[in-house]
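K.L.:
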Amino acid sequence: MNPCANCGSDTKSSNSTSIPCDVCHGMLHLNCVGLSDTDIKFTRTRSKSLKVVCNSCNNNMTQFKDVKTLISALQAEFTASINSLKLSFETQLNDLKASFIPKQELAPTLFEDLVGEVIDRQSRKQNLILFGLPEQSSSFSRDQVPELDRVATIKILKAMDSSYDNDHLQVQRLGRPSSEKTRPLKVTLRSEKEVTNFIKRVKYLRSLPEYKNISISFDRTQKQNQYYKQGWAKYTFHCN
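Residues in the sequence shown are numbered consecutively from 24, following the working numbering.
1) Compare the Cα-Cα distances from N54 to each of P26, C47, T40, D118 and report the closest residue.
2) In angstroms with no decimal places, state the Cα-to-Cα distance between N78 and M84.
3) Can you give me the Cβ contacts of D33 inside the same chain, cut-off strictly under 8 Å, excluding the 5 residues immediately before and after it?
4) For D172, verify whether its CB is less than 7 Å away from any heavy atom of the ligand GDP.
5) Which value, in whole angstroms, describes the spacing of the CA atoms of Q167 and L208?
6) Given this structure, state the Cα-to-Cα distance separating D136 from Q149, to the nearest angstrom.
7) When we look at the beta-carbon of K252 and count the other beta-carbons within 10 Å, is it buried (16 or more) or exposed?
8) Looking at V210: is its Cβ nearer than 8 Å to the Cβ of L153?
9) Between the C-alpha atoms of Q195 and N82, what's the straight-line distance to the nearest angstrom?
10) Just how far apart, CA to CA, sit R224 and M183?
11) Pull the bridge partners of D33 from the DSSP assignment, please.
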């Protein structure tokens, strides 16, 4: 028995003429593909590129085209992201060059410092620094403490934005434990956009009585903190 790839009936016992699928080579009744003997003879004398394809192969070819389209779209998106990151890197590097030594030639060591600063800033873009969150009691194990900090952090973020749905963020205490002060907490979010969103809501956080001692900031590099302190000192000097 040689079944038709479309209807499943035997192509040899049928009165209908059969023709092979040009992809899988399974036999097909001409009437199952909507053709007649005359159609086949006429079209193939005019064009040898005409293909007869069974339903299964046609579906697979359509899915393959869809996959190719998806891959092309992802490649375009990836290329755009790389170009955007490259442009951001070059812009920050040029800004740093201008702020350090305008109109002067960069020394090799200074150039390395600048590149290191840009990379450091890039690695911190998805981080928030959370201040004032009490550290967990020593009665908890070392494995329990990070999870308790994470749960407390999620509670704070959801108080700032009730639609926030990331329950898998990462947290880490910065510095060595001290009985005199609470260590800040580094919080890694999913994107730079999320960080900016929460920074914009700082005033709302301060308006919540239960979090009046909590504050957040960007995760700044050492150089950024120096610039920030210098700018704040100038501001307070002029205000006085």
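Even glycine gets a Cβ: it sits at the ideal position worked out from N, Cα and C.
P.N.:
Quick look at the numbers:
1) The count along the sequence shown starts at 1 and reaches residue 54 at position 31. Checking every option, the nearest Cα to that of N54 belongs to T40.
2) Taking the sequence shown and counting its residues from 1, one reaches residue 78 at position 55. Taking the sequence shown and counting its residues from 1, one reaches residue 84 at position 61. So the alpha carbons of these two residues sit roughly 10 Å apart.
3) The sequence position of residue 33 within the sequence shown is 10, counting from 1. Non-local beta-carbon contacts of D33 in its own chain, meaning distances under 8 Å to residues more than five positions away in sequence, involve M24, N25, P26, C27 in chain order.
4) This structure does not include the ligand GDP; it has no bound ligands of any sort.
5) Taking the first residue of the sequence shown as position 1, residue 167 is located at position 144. Taking the first residue of the sequence shown as position 1, residue 208 is located at position 185. Straight-line Cα distance between these residues: approximately 16 Å.
6) In the sequence shown, the residue the question calls residue 136 occupies position 113. In the sequence shown, the residue the question calls residue 149 occupies position 126. Rounded to the nearest angstrom, the two C-alpha atoms are 22 Å apart.
7) Mapped onto the sequence shown, residue 252 falls at position 229. Exposed: under 16 other Cβ atoms inside 10 Å.
8) The residue you call residue 210 lines up with position 187 of the sequence shown. The residue you call residue 153 lines up with position 130 of the sequence shown. It is a contact, given that the beta carbons lie within the stated cut-off.
9) Indexing the sequence shown from 1 puts residue 195 at position 172. Indexing the sequence shown from 1 puts residue 82 at position 59. For the pair Q195 and N82, the Cα-to-Cα distance works out to about 51 Å.
10) As a position in the sequence shown, residue 224 is number 201, starting the count at 1. As a position in the sequence shown, residue 183 is number 160, starting the count at 1. If I take the Cα positions, the gap works out to 7 Å.
11) For the purposes of this step, residue 33 is taken as the residue at position 10 of the sequence shown. D33 pairs with P26.
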